[in-house]
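First up is the structure itself, then whatever we jot down about it.
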Amino acid sequence: MSTTPRVVIIGAGIVGANLADELTERGWDRVTVLDQGPLPLTGGSTSHAPGLVYQTGPSKTMTAFAQYTVEKFTGLDADGAWCFNRVGGLEIATTAERLADLHRKQGWATSWGVPGEVVGPQECAKLHPLLDPDRILGGLHTPTDGLAKASRAVDALARRAQARGARFQGGTRVVGVRQSGGRVTGVETTRGEVPADIVVCCAGFWGRAVGAMAGMNLPLLPMAHQYVHTGPLPELAGRNDEHGEARMPILRHQDRDLYFREHVDRLGVGSYAHRPMPVGLEDLPRVDGPTEASMPSMLPFTGEDFAESWEYARRLLPALETARIEDGFNGVFSFTPDGGPLIGESPETAGFWIAEAVWVTHSAGVARSVAQLLVDGRSEVELHGCDVHRFDEIETAEAYVEETARQNFIEIYDVKHPLQPRLSPRDLRVSPFHARQKELGAVFLEAHGWERPHWYGANAALAKELPMDWRPPSRDAWSGMFHDPSVVAVEAWRTRTAVALYDMTPLKRLEIGGPGALAYLDGLTTGKMDKSVGAVTYTLLLDAAGGVRSDITVARLGEQEFQVGVNGNIDLDYFRRRLPGDGSVQLRDVTGGTCCIGVWGPLARDLVQPLSRDDFSHEGLKFFRCKRAHIAGIPVTAMRLSYVGELGWEVYTSAEYGRRLWDVLYEAGRGLGVVAAGRAAFNSLRLEKGYRAWGTDMTTEHDPYEAGVGFAVRPDKGPFVGRDALAGRDESTVTRRLTCLTVDDGRSVVLGSEPVFLDGDPAGYVTSAAFSHTLGTPIAYAWLPASATPGTPVEIKYFDRMVRATVAAEPLVDPEMKRIRR
Ligand code: FAD
Ligand code: THG
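Here is the structure:
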């Protein structure tokens, strides 16, 4: 009798079937897959998915998911019939902007290990003979992309899982989730109760309803998307047999939001060009027995929404001029606020998991990661961009989800700049300094609903005062978007030579207190926590394999009172679910009720000390110490640290004093040359100083020694999560490293995710990059083999151009810490 946990999977679509396969492969054989629809064609999104698999995207993780889907489905068949047909992928450009973007995408492909090359119009037409080469400028050809036969793969996966002991049961709707003492115990269904130790919701676009049964508020919106089949095309006659279905690459025409595939002698055409069409679950067609032409996830075709797309399709593919649309439908699937999937465990009901908003493309990869999370406690592919807990509460509100998901639909194929802000909804969360920031002409970008000044227009007036060696070179249009080089130069210059105010309010901070707090923090972090009151510690959260889950700061404000600066809601969720059951530790997110100004620069002390009777001298408040104090009568907590690498403090106060604190500092700073400074300068300065940004520079895929934060690990302090996994590793054993680069020509700024070449071969990728105003040259950090030591020449591929760079010793600015510790 097996003793592995009893798992119920809700939903037998491509995600549920893959998960049953992955779990049973790992020896978990007590798996029951329930679906409200009949098997194997349940009537969910998978039942009608045309199955185009394009692997490459901006996200390394999503690309890795897709790569695994291709690999797995290539080795899968149902009675000899294929589950993956490697016809290749082709994305064509009809505008210069798109062609440039395909080069950028080719860079991602290289960074993440997908073969691909940008080819000319003639080559495109050779690959896809229906294309008229005169109507296109070129294309990105990715030979390992292709078609997944999703419904057949479900069948094949289900059979394989069943052979290993899994049970699949159709016609069974889950209507409730059972729990006891905060743990899931089973599900209620239309055919009775099914006990379970673990329940995984793979209910596709029904996910919001199923999640709600366990108290989860999933940020997911079902929307319709149009797909049609043409009638038979003479040009395709005799090309494909029924079995093979297709030979030409799957085709994308993103300038018109269209994609194409062959269905034997017909074409299928999908469009994202139409208006967003959110779907209420109550509006789904009621179908008794789903067929390929009629199922709950297929709404009636609204031809008028497709009319324009059809015209553009005909313009691209002349063969369509004599063709007609034979049938079409409005198919339903899931959208989220940032387009990513939703993976994770309920915060309230332990053992209730979700794997939602997943495309066929990523399905096997997501399922493998979920299986690894359940069986091993850790996914080999890092998941922070997929974690359901990455959203703050405001981002899960229904109105927010509806608006942002609609916008994602509209922008799905747009050329998107990495800094491009959403236009709406905005002004959801503002710091107490917001009115002042607006007066100073702040240009705001948004993150998790927060308005964050990127730079301040008012500082443009100081550009003429910039010393010659601080004047930045001009930039190419792309790297210069959402940027103002000379204003950012002013803000960086004043930070390094005078003093600047940075709004640090959006940085999430937690209050952790109680008799058990010290031991609790000690067990979860890599650093020594039992320091004197007033100590601040830069420390890491690791996973069980020693991967970096986060880097945080822990300030000991009292014997049993800590303020913890974290990287986002994932950290809050992590701390919350590890609270001891005995109530000895309390945890509170105090971000919204408080605010923070980073007061940084060589004149920071000249600014703050005259405003306070408390001692802000080097001796009175040393580096990485904190204390409660008053500034101009305002009660504050001052922490002596600086992510930009200058003398100064993070000054915290409660929200109602924020504006006064800002005004007092700004007024008193006038004679010292104070400026308000934004995130653009901030990012450049922190990179010069070598400070890592978690999620961008390092994730759970990296250990602290590789990431260059090994100094924060104290293996001798006693047990903590991840310690044993690091045994025997240190800086000298690493085979890859987060590496600092300077750009040779002094002017080519890259943005991140570009591939880096060593001796002519792709060897890694850029994480963060910026123009270093202090050095007067662009800089970047990149993951590279450890053999790339300082002085090694490398090349960064930026669009279609090779940018020469050199590995540098880091940090580039103030390695001796003279600026900070004085
Ligand atoms: P589903 O396949 O919907 O499975 C969820 C299952 O859960 C359903 O079978 C449902 O019956 C069951 N269920 C729900 N609630 C309950 C309950 N309470 N009790 C029991 N069972 C329940 N993706 C690609 O990668 N490439 C493409 O080319 C592509 N093209 C698409 C074209 C169209 C027109 C559409 C609409 C989608 C397309 N997609 C594509 C997206 C893709 O189809 C979906 O993302 C994917 O199929 C979702 O799989 P799933 O297993 O999560 O959901
Ligand atoms: N401020 C606070 N908390 C934070 C951040 C912050 N938590 C999340 C994130 N940012 C953490 N990142 C860093 C990175 C580097 C430093 C601080 C926070 C830093 N490092 C010193 C160094 O490497 O020189 C540490 C020196 C030491 O350990 O003594 O300052 O911005 N509150």
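Count along the sequence shown from 1, add 511, and you get the number used in the numbering used here.
In this text, a Cβ means the ideal position worked out from N, Cα and C, and glycines have one as well.
Please read these numbers as outputs of a predicted model, since none were measured by experiment.
For the alpha helix (DSSP H) that residue i lies in, which residues bound it at each end?
{"i": "VAL688", "result": "Taken as a continuous stretch (DSSP letters only), VAL688 belongs to no alpha helix (DSSP H), being part of the beta strand (DSSP E) at 685-691."}
{"i": "VAL892", "result": "Per DSSP, VAL892 belongs to no alpha helix (DSSP H) and is neither H nor E."}
{"i": "ASN841", "result": "Taken as a continuous stretch (DSSP letters only), ASN841 belongs to no alpha helix (DSSP H), being part of the beta strand (DSSP E) at 836-846."}
{"i": "PRO1230", "result": "Segment: none, PRO1230 is in no alpha helix (DSSP H) and carries neither H nor E."}
{"i": "ARG1087", "result": "1080-1088"}
{"i": "ILE921", "result": "909-921"}
{"i": "GLN578", "result": "571-585"}
{"i": "GLN680", "result": "No alpha helix (DSSP H) holds GLN680; the beta strand (DSSP E) holding it covers 678-680."}
Does DSSP classify residue i as helix, strand or coil?
{"i": "VAL1001", "result": "helix"}
{"i": "ALA784", "result": "coil"}
{"i": "ALA1030", "result": "helix"}
{"i": "GLU1306", "result": "strand"}
{"i": "SER1364", "result": "Outside the shown range of the chain (512 to 1333) lies residue 1364, about which nothing can therefore be said."}
{"i": "VAL629", "result": "strand"}
{"i": "ASP995", "result": "coil"}
{"i": "ASN970", "result": "helix"}
{"i": "ASP1062", "result": "strand"}
{"i": "TYR1216", "result": "helix"}
{"i": "GLN931", "result": "coil"}
{"i": "THR1008", "result": "helix"}
{"i": "ILE761", "result": "strand"}
{"i": "GLU704", "result": "strand"}
{"i": "SER990", "result": "coil"}
{"i": "ILE854", "result": "strand"}
{"i": "ILE1108", "result": "strand"}
{"i": "ARG1312", "result": "strand"}
{"i": "TYR738", "result": "strand"}
Among the options, which residue has its Cα nearest to the Cα of residue i?
{"i": "GLY1189", "options": "GLU1242, THR535 and LEU1012", "result": "LEU1012"}
{"i": "THR1016", "options": "ARG1234, ARG1170, ARG537 and ALA1204", "result": "ARG1170"}
{"i": "TYR770", "options": "PRO929, TYR783, ALA861 and GLU1242", "result": "TYR783"}
{"i": "ILE1290", "options": "ALA607, GLU1306 and PRO1296", "result": "GLU1306"}
{"i": "THR802", "options": "PRO964, THR557, VAL1155 and GLY649", "result": "THR557"}
{"i": "PRO760", "options": "HIS1129, THR653 and ARG1067", "result": "THR653"}
{"i": "PRO811", "options": "ARG835, PHE840 and ARG797", "result": "PHE840"}
{"i": "GLU893", "options": "PRO858, THR574, THR907 and ALA1115", "result": "THR574"}
{"i": "ARG1351", "options": "GLU904, LEU1132 and VAL871", "result": "In the structure displayed, the chain extends from 512 to 1333; residue 1351 sits before or after that span and is not available."}
{"i": "VAL1267", "options": "PRO1226, GLU1212 and ASP1311", "result": "ASP1311"}
{"i": "THR1102", "options": "ARG1089, GLY1092, ASN1080 and PRO1113", "result": "ASN1080"}
{"i": "ALA1143", "options": "SER1128, GLY1156, ARG1151 and GLN1120", "result": "GLN1120"}
{"i": "ALA1274", "options": "TRP619, GLY1034 and GLU867", "result": "TRP619"}
Over the uninterrupted beta strand (DSSP E) stretch that includes residue i, give me the two end residues.
{"i": "ASP1272", "result": "1272-1283"}
{"i": "GLY527", "result": "Note, GLY527: premise wrong, no beta strand (DSSP E); alpha helix (DSSP H) at 525-536."}
{"i": "ALA1188", "result": "1186-1188"}
{"i": "HIS900", "result": "No beta strand (DSSP E) holds HIS900; DSSP gives it neither H nor E."}
{"i": "MET724", "result": "Run containing MET724: none in the beta strand (DSSP E); it sits in the alpha helix (DSSP H), 718-724."}
Look up residue i in the DSSP assignment and give the residues it is bridged to.
{"i": "TRP1294", "result": "LEU1249 and TYR1276"}
{"i": "THR1036", "result": "LEU1052"}
{"i": "VAL1175", "result": "None, per the DSSP bridge assignment."}
{"i": "HIS1141", "result": "PRO1146"}
{"i": "PHE1134", "result": "DSSP lists no partner for PHE1134."}
{"i": "CYS712", "result": "ILE521 and ILE865"}
{"i": "CYS594", "result": "Answer is none; CYS594 lacks a bridge partner."}
{"i": "ILE603", "result": "GLY650 and HIS764"}
Is the separation between the beta-carbon of residue i and that of residue j shorter than 8 Å?
{"i": "ALA875", "j": "ASN596", "result": "no"}
{"i": "ILE521", "j": "VAL698", "result": "yes"}
{"i": "ALA463", "j": "ALA1236", "result": "This structure gives no information on residue 463, because the portion of the chain shown stretches from 512 to 1333."}
{"i": "GLN566", "j": "THR655", "result": "yes"}
{"i": "ALA1280", "j": "LEU1262", "result": "yes"}
{"i": "LEU939", "j": "GLY960", "result": "yes"}
{"i": "VAL711", "j": "VAL926", "result": "no"}
{"i": "ALA974", "j": "SER997", "result": "yes"}
{"i": "GLY842", "j": "TYR738", "result": "yes"}
{"i": "ARG1139", "j": "VAL1047", "result": "no"}
{"i": "LEU552", "j": "THR700", "result": "no"}
{"i": "LEU1132", "j": "ILE1023", "result": "no"}
{"i": "PRO1322", "j": "GLU1199", "result": "yes"}
{"i": "ASN728", "j": "PHE846", "result": "no"}
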